[in-house]
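Scroll down for the structure; my scribbles are underneath it.
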Amino acid sequence: MSETVHALAVSFSSAALAAAIAVFVGAFAGFAAVRMPLRLGEFVRAVSGVVRTVPALLLAVVLVALSARDFSTIAVGLAICPAIFNRSFDSAMRLARSRHAVYARASGIPGLTLLRRDLVYELRRNFLYVAGRALAAAATILATLSFLGFGAVPPHRDLGLMIAQARDSYLSAWWCAFFPALALVVFVLCARFAATDDNGDVS
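Structure, rendered in C-alpha cells:
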C-alpha cells in the first residue's frame, strides 16, 4: 500500500506539471494568436484544429520518441495544448470583437494591456474547469505512457508503471495491479468532477 501511495504522489506531481504547462502555454498562445494579423491567426487556429483531431496519447508518444523518456511530462503537456489553445482562441476572439474591446482600442489602450486583461479574466473565470480537465487527461496519458514503456523509469515509479510491472501476476496476485489502478481511477474522477462548467455541470 505504501508503494501505491508513493506512486500516486509521483503520478500527481507529474500530471500537475503537465497540466500547468498545457494550461498556461495553451491559454497564452490562444490569446496571443488572436492579436496576430487576422489571416495568420485563423491559419494557426486551423492548424491547431487539425492537430486536435490526433489523439493526445499518440502526440505524446511521438514527442517522447523524438526526445527522451525524461521529457515525458513536458511531452504530455504539449500534447494537451491544442485543445486548450482552441478553447482560448475562440474565447479571446469573442472578447476581441466585443463592444468594450472596440471602445478600448478606439480610446488608445495598448493591445498588450488588453491581452493581459483578457488572459487574466479567462484564467480566473475558467481556470478550475480547464485545469481539472487537463489534470485528468495528463494523469491518464502519463499512466498509459508508463504502461507502454514510454514514461516513468524506476526508481520513479508511477501508477502506470506499477500496473505494467504487475502484468505477469494479474491472476495470481491481482492486488498488485488492482490498488494502483483503483488509485488512478479515483484520481482521474476527482479531477474530472472538479472540472465543472459555468452551470456547475461536469463536462
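Following our numbering, the numbering of the sequence shown begins with 12 at its first residue and continues without gaps. The beta-carbon is built from N, C-alpha and C at its ideal position, and this holds for glycine as well.
Enumerate in chain order the residues of its own chain whose CB-to-CB distance from residue i is below 7 Å, with the five nearest sequence positions on each side excluded.
i: residue 212; result: Because residue 212 sits at a pLDDT of 40, beneath the cut-off of 50, its placement in the model cannot be relied upon, and the following sentence gives the value as read from the coordinates. So the list is empty, once near-sequence residues are dropped.
i: residue 174; result: 158, 188, 191 and 192
i: residue 39; result: 130
i: residue 99; result: 37, 38, 41, 42 and 133
i: residue 44; result: 52, 55, 56 and 100
Where does residue i fall in DSSP's three states?
i: residue 182; result: coil
i: residue 48; result: coil
i: residue 194; result: helix
i: residue 99; result: helix
i: residue 164; result: coil
i: residue 171; result: helix
i: residue 147; result: helix
i: residue 12; result: coil
As a quick exercise: from the options, pick the residue whose alpha carbon is nearest that of residue i.
i: residue 200; options: 41, 16, 59 and 144; result: 144
i: residue 88; options: 12, 151, 127 and 205; result: 151
i: residue 95; options: 204, 79, 32 and 86; result: 32
i: residue 36; options: 176, 85, 184 and 46; result: 85
i: residue 92; options: 48, 141, 15 and 181; result: 141
i: residue 161; options: 194, 197 and 68; result: 68
i: residue 11; options: 106, 60 and 146; result: No statement about residue 11 is possible, as the shown extent of the chain runs from 12 to 214 and does not include it.
Less than 8 Å between C-beta atoms, sequence neighbours within five positions excluded: which residues of the same chain meet that for residue i?
i: residue 167; result: 21
i: residue 184; result: 177
Do three or more CB pairs link the region 17-26 to the region 67-81 at distances below 8 Å?
Touching, no.
What are the start and end residues of each continuous alpha helix (DSSP H) run of 4 or more residues lying completely inside the region 18-97, in chain order?
The qualifying runs are 49-63 and 67-77.
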